[in-house]
Structures are given as C-alpha cells and as structure tokens.
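Take the sequence shown: its letter number 75 is residue 69 in our numbering, and every next letter is one higher.
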Amino acid sequence: MSRAEREEPPADPVEQARAICLRLLTGTPRTRKQLADALRKREIPDEAAEEVLSRFEEVGLINDSAFADAWVESRHHGRGLARRALAQELRTKGVNSELIDVAVAQLDSEQEEETARELVARKLRSTRGLDRDKRLRRLAGMLARKGYSQGMALRVVRQALEEEGEDTEFLGDEGY
C-alpha cells in the first residue's frame, strides 16, 4: 500500500478550521483577526473560517475584549509599557479601537507614572558614573521606547536624579 493510499481524504474545511483554531488557542489566547489570518494562510475557505470563528466567539473561546484586558494587565506590569505602546500592540493584533480604548483605560495616569518611576529606579544604578545629560537621555529614552510621553519621561527622570542628589537645574528639554 503506497503512502497516498494510506492517507485519509482531507477533512472538510470547517473541521480543518476548527482544528487549526483549537491548536492555536491551546498555547496562548489569540484575537479573532490572528485566527482569521492563520486560517487564510492555510487556505481555508472564507465561509468555513467565518463559521468557525463566529461559533468560537459565541462559546467564548475567542474574546477580543478579554484578550485586550489581559494583554494590558500583563504587558504593563511585566514590561512596564505605557498606554500608548499597549494600544499600538493591540492594534497590530487586530483588536478594534473601542476595545483598545476600554482596555487601556484600566491604567490611569497615576499608575502609569508610578510604573515609570519604578522603571527609572531600576535603571538608575546602571547609569551612575555617566554625566547628567547622558543619564537623562538614556533614562528618558528608555521610557520613550516603552510609550511614555516626553513630558512625563523628563519629569520622572529629573525627579529621580534630583532625589539621588544630581543637579538637574540646567537640564533643558532640547532634543529629548
């Protein structure tokens, strides 16, 4: 018996779509768009993909709102990302704007600033020995890459440097 004879005929597209989605959801939560993209890549017909995705949404296996909430919680506390960076990541995952707004609204300005302070405090030690301008640029740049606004980044870094005894009176905003 040849290999081709042993192989079973391909499953129907809905079953293929269901199997693909279940396999992808086993490792980590995914958005509807991520699953739709995976099905399209595997050439599952649109009708079959839509049927499976809608059914998975109905039973709660796909929940973009819960995904966005969990993403914000995890990435803010784990990586210290600001609302702006979190919103951008969720957009790339295909979460719609209304759900993104609700999810990032979990973080208020005070929480965001407190996280920025914690990030600066952790990195501050590694910048000792550098001149104050270089320290300011490095620390503010780290916050900027995590999505913090320039104003907040400079304020938090200046405060941390002042608390450490660094003279920040002459540090300007130019170029930061």
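Built from N, CA and C at the ideal position, the CB exists for glycine as well. Here the structure is a predicted model, which is why all the values come from computation and not from measurement.
Query: Look at the alpha carbon of R34 and the alpha carbon of G88, and state the distance between them as a whole number of angstroms.; Result: 15 angstroms
Query: Can you grab the Cα-Cα spacing for the pair R49 / G74, in whole Å?; Result: 35 angstroms
Query: Ends of the alpha helix (DSSP H) at D102?; Result: First-last for D102: undefined, no H or E at that position.
Query: Quick check on the burial criterion: 16 or more other C-beta atoms within 10 angstroms. Buried or exposed for V53?; Result: exposed
Query: Cβ atoms of L47 and A11: under 9 angstroms apart, would you say?; Result: yes
Query: Reducing DSSP to helix, strand and coil, say where G145 ends up.; Result: helix
Query: Keeping to the same chain, check which residues put their C-beta closer than 7 angstroms to that of E107; ignore five residues upstream and five downstream.; Result: M146 and V150
Query: Tell whether a beta-carbon distance below 9 angstroms holds between L29 and I56.; Result: yes
Query: By a C-beta neighbour count over all protein chains shown, 10 Å radius and 16 as the cutoff for buried, is L16 buried or exposed?; Result: exposed
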